[in-house]
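Numbering (UniProt numbering), first residue to last: 1 to 108. To keep things clear, I will list the structure first and then write my remarks on it.
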Amino acid sequence: MAKFSSSDSNSTYLRCLIDSSFDLDEALTLPESSPDQQITTANSLVAEMPTVLPDEDSICSICMEGFSPDIGGKRVSCGHVYHATCISSWLSRYDSCPLCRCDISGGR
Numbered sequence: 001m002a003k004f005s006s007s008d009s010n011s012t013y014l015r016c017l018i019d020s021s022f023d024l025d026e027a028l029t030l031p032e033s034s035p036d037q038q039i040t041t042a043n044s045l046v047a048e049m050p051t052v053l054p055d056e057d058s059i060c061s062i063c064m065e066g067f068s069p070d071i072g073g074k075r076v077s078c079g080h081v082y083h084a085t086c087i088s089s090w091l092s093r094y095d096s097c098p099l100c101r102c103d104i105s106g107g108r
């Protein structure tokens, strides 16, 4: 019979707990409207966001890439800045800021 150390069982337990959390999180964020409608809503929300020029060492925390000085980024209501395409893609699935989870759904 194989012996398992307590660290093996703790590791397995944590892995199962994390997997369950991700499954639950995914189930709780299932879309209530059609994907096309969500994309249209996300694009219109992003179009209304102010375009800003972040610091040159700033990065988009969604894609982890820097900002182009001639394009800038979109600032959401909580103040965080993302690439327009990144935040639009995010908002087609979620209603909150990727960093602080502040509601930025625009009442949808």
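Virtual Cβ for every residue (Gly too), placed ideally from N, Cα, C. For clarity, every value in this text was computed on a predicted model and none was experimentally measured.
- The DSSP-derived three-state label of I71 is coil.
- Around the Cβ of D95, a 10 Å sphere holds 16 or more other Cβ atoms; the residue is buried.
- S58 places its beta carbon less than 8 Å from that of V81.
- Nearest to T85 by alpha-carbon distance, out of D70, C97, A42 and T12, is A42.
- In the DSSP assignment, L91 falls within the unbroken alpha helix (DSSP H) covering A84 to L91.
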